[in-house]
Amino acid sequence: MAHDEHNPLTHPEVRNASTGLYVAAFVLGMAAMGIACLVTVGFDLSQVTILTWLAVLAAVASLGQLYLLFKLDLSRAMLWHTVSLVLTIPLFFMAIGLTIFMFHYLEARVMLGS
Amino acid sequence: MFMDLQGPWNPLLGRLPMLLNLKYTNPFIAAAFAMVVIGGIVVVVALTYYRRWGWLWREWLTTVDHKKIGIMYLIVGLVMLFRGFFDAFMIRTHQAIAVGASSPGFLSADHGYLPPFHFDEVFTAHGTIMILLAVTPMLVGFMNLIVPIQIGARDMAYPFLNAVGLWLTAVAAVLVMVSLFVGDFSHAGWVGLTPLTELANSPTVGVDYWLWLIQISSIGTTVGAVNIIATILKMRAPGMTLMRMPIFSWTALATNIVGLTSFPVLTVALFLLTLDRYIGTHFFTADGGGNFMMYTNLFWIWGHPEVYFVVLPAFGMISEIVPTFSQKPLFNHKAMIVATMAIAGVAWSVWLHHFFIMGSGPVVNSFFSISTMLVGIPTGVKVFNWAFTMVRGRVRLETPMLWALAAVLLLIGGGMTGMMVAIPAINYVTHNSVFVVAHFHNMFLIIAFALFGAVTFWWPKAFGFRLDERLGRIFFWLFWGGSVFVFVPMYALGFLGMTRRLAYISHPSWWPLLLLEVVGIGLYIASLAAFVLQLVVSIRDREKNRVRGPDAWGTSRSLEWATHCPPPFYNFAATPVVHSYDEWAWRRERNLVSLVPDYYADIHMPKNSMVPLVLAFFVGVFGFAAVWRIWWLAGLALVGVIASLIFRMFQKDVDYTVSAEEVERIERAHLAEMADEDTEAAHRSADVASNARPLTQ
Amino acid sequence: MSKHDTQHSPEPVASGLWQPEPEHPDSIGLRTLGFWLYMMSDAMIFAGLFAAHGVYLRAYGGSDITAAEVIDPAKGLIPTLLLFTSVLAFGLASVALKNDDRSRMLRWMGASWILGLAFLGEEVWEFSGLAGEDAVPQASAFLSDFWTIVWVHGAHVAVGLIWMAAMLVQIAREGYTEATVGRFLNLRIFWFFQAVIWVFVYTFVYLMGVS
Chain A
1 MAHDEHNPLT HPEVRNASTG LYVAAFVLGM AAMGIACLVT VGFDLSQVTI LTWLAVLAAV
61 ASLGQLYLLF KLDLSRAMLW HTVSLVLTIP LFFMAIGLTI FMFHYLEARV MLGS
Chain Y
115 MFMDLQGPWN PLLGRLPMLL NLKYTNPFIA AAFAMVVIGG IVVVVALTYY RRWGWLWREW
175 LTTVDHKKIG IMYLIVGLVM LFRGFFDAFM IRTHQAIAVG ASSPGFLSAD HGYLPPFHFD
235 EVFTAHGTIM ILLAVTPMLV GFMNLIVPIQ IGARDMAYPF LNAVGLWLTA VAAVLVMVSL
295 FVGDFSHAGW VGLTPLTELA NSPTVGVDYW LWLIQISSIG TTVGAVNIIA TILKMRAPGM
355 TLMRMPIFSW TALATNIVGL TSFPVLTVAL FLLTLDRYIG THFFTADGGG NFMMYTNLFW
415 IWGHPEVYFV VLPAFGMISE IVPTFSQKPL FNHKAMIVAT MAIAGVAWSV WLHHFFIMGS
475 GPVVNSFFSI STMLVGIPTG VKVFNWAFTM VRGRVRLETP MLWALAAVLL LIGGGMTGMM
535 VAIPAINYVT HNSVFVVAHF HNMFLIIAFA LFGAVTFWWP KAFGFRLDER LGRIFFWLFW
595 GGSVFVFVPM YALGFLGMTR RLAYISHPSW WPLLLLEVVG IGLYIASLAA FVLQLVVSIR
655 DREKNRVRGP DAWGTSRSLE WATHCPPPFY NFAATPVVHS YDEWAWRRER NLVSLVPDYY
715 ADIHMPKNSM VPLVLAFFVG VFGFAAVWRI WWLAGLALVG VIASLIFRMF QKDVDYTVSA
775 EEVERIERAH LAEMADEDTE AAHRSADVAS NARPLTQ
Chain S
812 MSKHDTQHSP EPVASGLWQP EPEHPDSIGL RTLGFWLYMM SDAMIFAGLF AAHGVYLRAY
872 GGSDITAAEV IDPAKGLIPT LLLFTSVLAF GLASVALKND DRSRMLRWMG ASWILGLAFL
932 GEEVWEFSGL AGEDAVPQAS AFLSDFWTIV WVHGAHVAVG LIWMAAMLVQ IAREGYTEAT
992 VGRFLNLRIF WFFQAVIWVF VYTFVYLMGV S
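Respectively, the protein sequence lines represent chains A, Y and S.
Just so you know, we're using the numbering used here here: the first sequence kicks off at 1 and counts up by one.
Just so you know, we're using the numbering used here here: the second sequence kicks off at 115 and counts up by one.
Just so you know, we're using the numbering used here here: the third sequence kicks off at 812 and counts up by one.
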């Protein structure tokens, strides 16, 4: 609220900004995406191998960015941010995973040849 | 880029010229239109005559006070509940007439009085309205009204957003009412099954109305969910650890976590359908590689969590009412918290049980069947906890308790039939039958009963006087009778094989049961009359039913009872310090029930704002323009939305301070008023010596 | 009840029951928590889209345009680079905020804005090329899905750009108040999140599409 005389720049979420972490996030993200691109088009790998690589690299890049950019931890300021993210991630993958699970079986049973 | 449309379209008026071809001969729509117009004129004239426009604007339309917003949510919900109930009345009476080949037909219908297309619109409107615009606003209303007081907060975390959520919900309600008179409404069921809802199969604007009103109301719900979660996580009074938080607030937290994460998936499902209808993509079409089961899948990814979104707060209300009228703490409230969160968690892995018959096979069906049955465990824990709360308690059967107990009984019935339809083998038989309809109405009745119980229970907290007890009982018993007469025959009809959504019933042997359901609807009408009468009589006799002191029931337990009835706009003169799970009961047992703090201090409060109203107005215009494909108007409305948001961003003067002296003056005035009334009451009643409140029984 | 107390002794009756000290709510923390919760909700929008994507990967229908023809993973690295750089610039703006250096902060934010605009421009260019080859969303379910996912992300970036422009003006005019700093931190969450979501878009859509 505007009446508060606290200096907003002392807030922990302002203080946690860091050039090093942001550069690290940038390098990590670009490197992971570059390698992922190379794995996909540069070599003649089997699909399972590519998908495994992609999953691992996407996980590294996204989790790395989440940590480095948002400085998520269990401190007082960031506790609920972290908890809500940790609770959302399973839902994110359940929605995707269970959908693919059911449509995979559906396709095998009733949509042959599609 | 845009789809070719059947019927006229021009750049200036969009599809509105279509209206020239429609016929306004239906007497029901004419009557409803007349009712809305007359009601509107009466309200406008009354406001002008009593010079209440300024009051309405200052006190209600621009308010950011969570209590008033909660009350307005409840009003929107109640009005839409009546509208949805009228749809139900039409469905039931129509079905009772349209039985057998020789049944009479009225008003251009071959059988009954609703032509099939109109009948389809009616049941679609019934489902959509009841779930999204009646039950949801009422629950959100109670969460708004009660949660901040129950956790000892001054207001919600984001009072401004709270008002935005309210007005978006109201705009969605306005759109559904507009669709009644301007154009038509969706005829594809509240689920909106594809490819029936594709433009080729539903060429009119009905489905578009349905799409946009749900999108708008779900933005409102999402905004509200963010608000309530943040309020609960960050604004609890000192001493109120999560384990000391009352169950209703816990269920509010769980339900809004569910809502926050599931509504976006609905947004996606409807957005993809919108793209199909507006620009001709191929998500859910039968051709072009589309997959219409994907729509069903996305819809129920939201749809099932939505079921828990609406039922969890109802469980919370029951958990507040039962201990109060058993004069005992809630049995094992930690198990209750765990059960609530468990239900919210499992909610995310059960949705395929709405379409077992899709044919994904035994592996998939078994997975979802088992996870569905798991829901029964925490729900059972809740039922036993409520039962054990009553064991050896001093149970008083006042009206809120009656509603709560009936809700528990309904939960047992609805839960059992739920377990039945969770078995795929049974589900293949009952799918699409009225057995399923009876089951989910049974579950929704739990919510209705809990809601009416909560209305009676928290009415004195919100308005300072109690509702009439005798009429409340009459309302309850009539409503209970209606529920039995409508839904027990409906279960039976489901067993007999009647499918849902029939505009014509070919089986004359079902007629007696259908007539019994009409008896039930008659009881429902009588019960609603009793409800209206109860409200009128209670408001008339409000001085007689006035609540003195903070605790309206004498045995209330949680923190919302530790402030005045009704609470002042700042809720608590000083923030309460919480010592126990049942804080108010804890204070009552130690005789620490004074509301006078050690000293008063300044209070920061948010200022009223008209931006939410303006924002919602632009959103409503956008919705209407999008339905009728008036692109220039939709664009302008969108610019209006962005402009109002940026205007708000640059507003500086958004809060003010209530001085300590002012707070003290308000508090003293209130306490003195209470004391005066107590003195008067002392002369009237010989019972004042008793420390407990005189009970109504 | 309290009636006897209040009638006869308005003085404090018990201490430790009420906390009358004026609180100093952490308004910035409250703001960012709410916006973070909203971003969780937003992430679920992408969960729904990706769930659909898993099924539409090869849903060409009658169209003969395949994923390999419309997706070039190497070219997709250009928007990746633009967006990640924009995020990096925004991060440096928030470092400047920490150091109370307003002119540097505004410059980095301006850089971030231009890079974000370049990202959008690159996508417009890429997709207008696709439209020229008749690879429009109306052609098949796969293309509907491809266009929708990329452009839902693009719409987020566009909203972020409008917001960032308003933010630039506000901070230039009003400096650092609790309101502007809180809003800036929300924008930071929003902008950083677009990078995280882009990791998924690039992996799921661009790379998995051609694997």
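Note that the Cβ used here is the ideal one computed from N, Cα and C, for glycine as well.
Since we're looking at a predicted model, the values are computed, not measured.
For residue i and residue j, what's the separation of their Cα atoms in angstroms?
{"i": "F116 of chain Y", "j": "G749 of chain Y", "result": "15 Å"}
{"i": "L917 of chain S", "j": "A904 of chain S", "result": "7 Å"}
{"i": "L899 of chain S", "j": "K909 of chain S", "result": "15 Å"}
{"i": "M450 of chain Y", "j": "P443 of chain Y", "result": "12 Å"}
{"i": "E933 of chain S", "j": "P890 of chain S", "result": "7 Å"}
{"i": "E840 of chain Y", "j": "S62 of chain A", "result": "Absent from the structure is residue 840 of chain Y, since the part of chain Y shown begins at 115 and ends at 811."}
{"i": "E654 of chain Y", "j": "A715 of chain Y", "result": "In the sequence as displayed, the identity of residue 654 of chain Y is Arg instead of Glu. R654 of chain Y and A715 of chain Y: Cα-Cα distance of roughly 37 Å."}
{"i": "A562 of chain Y", "j": "R584 of chain Y", "result": "20 Å"}
{"i": "S758 of chain Y", "j": "T988 of chain S", "result": "21 Å"}
{"i": "L87 of chain A", "j": "S939 of chain S", "result": "39 Å"}
{"i": "V548 of chain Y", "j": "F237 of chain Y", "result": "13 Å"}
{"i": "F601 of chain Y", "j": "V190 of chain Y", "result": "26 Å"}
{"i": "F233 of chain Y", "j": "A617 of chain Y", "result": "6 Å"}
{"i": "N705 of chain Y", "j": "H6 of chain A", "result": "39 Å"}
{"i": "A699 of chain Y", "j": "S672 of chain Y", "result": "7 Å"}
{"i": "I537 of chain Y", "j": "V477 of chain Y", "result": "13 Å"}
{"i": "P690 of chain Y", "j": "H678 of chain Y", "result": "13 Å"}
With 16 other CB atoms within 10 Å as the buried threshold, where does residue i fall?
{"i": "H208 of chain Y", "result": "buried"}
{"i": "M132 of chain Y", "result": "buried"}
{"i": "S363 of chain Y", "result": "buried"}
{"i": "A461 of chain Y", "result": "buried"}
{"i": "G20 of chain A", "result": "exposed"}
{"i": "P681 of chain Y", "result": "buried"}
{"i": "S474 of chain Y", "result": "buried"}
{"i": "Q120 of chain Y", "result": "exposed"}
{"i": "F412 of chain Y", "result": "What sits at residue 412 of chain Y in the sequence shown is Leu, not Phe. Buried is the call here."}
{"i": "I635 of chain Y", "result": "buried"}
{"i": "M812 of chain S", "result": "Because the pLDDT of M812 of chain S is 35, which lies under 50, any placement of that residue in the model is unreliable, and the number read from its coordinates should be weighed accordingly. Buried, by the Cβ-count rule."}
{"i": "V947 of chain S", "result": "buried"}
{"i": "Y163 of chain Y", "result": "exposed"}
My understanding is that residue i touches residue j, with C-beta atoms under 8 Å, so please give their C-beta distance in whole angstroms.
{"i": "T283 of chain Y", "j": "P251 of chain Y", "result": "5 Å"}
{"i": "H693 of chain Y", "j": "D769 of chain Y", "result": "H693 of chain Y to D769 of chain Y, Cβ: 31 Å. No contact."}
{"i": "Q1005 of chain S", "j": "L931 of chain S", "result": "Not really, about 11 Å apart at Cβ, beyond 8 Å."}
{"i": "F764 of chain Y", "j": "A751 of chain Y", "result": "The Cβ separation is near 21 Å, so there is no contact."}
{"i": "A870 of chain S", "j": "S951 of chain S", "result": "7 Å"}
{"i": "L854 of chain Y", "j": "I343 of chain Y", "result": "It is not possible to answer for residue 854 of chain Y, since the shown part of chain Y is limited to 115 through 811."}
{"i": "M472 of chain Y", "j": "V551 of chain Y", "result": "No, M472 of chain Y and V551 of chain Y are not in contact; Cβ-Cβ is about 19 Å, not under 8 Å."}
{"i": "V321 of chain Y", "j": "T308 of chain Y", "result": "No, V321 of chain Y and T308 of chain Y are not in contact; Cβ-Cβ is about 10 Å, not under 8 Å."}
Taking C-alpha atoms, which residue in the options lies nearest to residue i?
{"i": "A676 of chain Y", "options": "Y:S708, Y:E703 and Y:D322", "result": "Y:S708"}
{"i": "T381 of chain Y", "options": "Y:I371, Y:K348, Y:W462 and Y:T335", "result": "Y:T335"}
{"i": "A740 of chain Y", "options": "Y:F566, Y:G128, Y:L119 and Y:D118", "result": "Y:G128"}
{"i": "F147 of chain Y", "options": "Y:P125, Y:S293 and Y:T531", "result": "Y:S293"}
{"i": "L892 of chain S", "options": "A:A32, A:T99 and A:S46", "result": "A:A32"}
{"i": "A286 of chain Y", "options": "Y:A248, Y:G297 and Y:A314", "result": "Y:A248"}
{"i": "K658 of chain Y", "options": "Y:S672, Y:D712, Y:L581 and Y:L610", "result": "Y:L581"}
{"i": "V424 of chain Y", "options": "Y:V296, Y:A552, Y:T399 and Y:L565", "result": "Y:L565"}
{"i": "V733 of chain Y", "options": "Y:L747, Y:S723 and Y:N722", "result": "Y:L747"}
Strictly by DSSP, which residues pair up with residue i?
{"i": "H718 of chain Y", "result": "Y:T771"}
{"i": "N124 of chain Y", "result": "Y:G128"}
{"i": "R660 of chain Y", "result": "Y:F579"}
{"i": "G219 of chain Y", "result": "Y:G226"}
{"i": "P690 of chain Y", "result": "S:W829"}
{"i": "I619 of chain Y", "result": "Y:V213"}
{"i": "T613 of chain Y", "result": "Y:S547"}
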